[in-house]
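Residue numbers (the working numbering): 8 to 125. Structure first, then comments.
Here is the structure:
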């Protein structure tokens with residue numbers, strides 16, 4: 008009787024182990040994932056030169072801190088049109104991911120969080 012209980016316990020433990028180790032499949036996540044490690048913001052206003060600001064982190068999340076984060080300073084009281092580009096850099100080669108981000112619009116969010124706004 009004792010060996011039967013041990014056998015049942017071993018089978019249950021083995022079953023739980025095998026079932027819990029499966030990688031969950033996510034049918035909705037079929038897209039290739041590429042790191043966005045450079046973002047270019049362009050601010051345009053009528054009659055003026057475009058202002059371009061860049062944030063760049065070549066090694067991605069973790070690792071070294073970002074190599075470039077420009078401080079955005081705009082002229083108060085002006086209206087700007089803003090553009091954004093998402094770029095993946097691998098071995099010095101830039102790949103524009105913006106069309107992919109746009110085509111997957113509902114999967115991506117971009118937030119502008121101003122500080123020091125008057």
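Yeah, the Cβ is synthetic: ideal placement off N, Cα and C, and Gly gets one too. Remember, predicted model here, so these are calculated numbers, not experimental data.
Quick one: grab the DSSP three-state call for residue i.
i: residue 113; result: helix
According to DSSP, which residues form a beta bridge with residue i?
i: residue 50; result: 58 and 89
i: residue 100; result: 97
i: residue 80; result: In DSSP, residue 80 forms no bridge with anything.
Look at the Cβ atom of residue i, then the Cβ atom of residue j, and state whether they are nearer than 9 Å.
i: residue 2; j: residue 95; result: Outside the shown range of the chain (8 to 125) lies residue 2, about which nothing can therefore be said.
Return the chain-ordered list of same chain residues with a C-beta closer than 6 Å to the C-beta of residue i, the five sequence neighbours on each side being excluded.
i: residue 48; result: 60 and 91
i: residue 89; result: 50
Which word fits residue i, buried or exposed, when buried means at least 16 other C-beta atoms lie within 10 angstroms of its C-beta?
i: residue 104; result: buried
i: residue 118; result: exposed
i: residue 77; result: exposed
i: residue 64; result: buried
Take residue i and list the residues in its own chain whose beta-carbon comes closer than 7 Å to its own, dropping the five residues that flank it on each side.
i: residue 42; result: 67 and 95
i: residue 124; result: none
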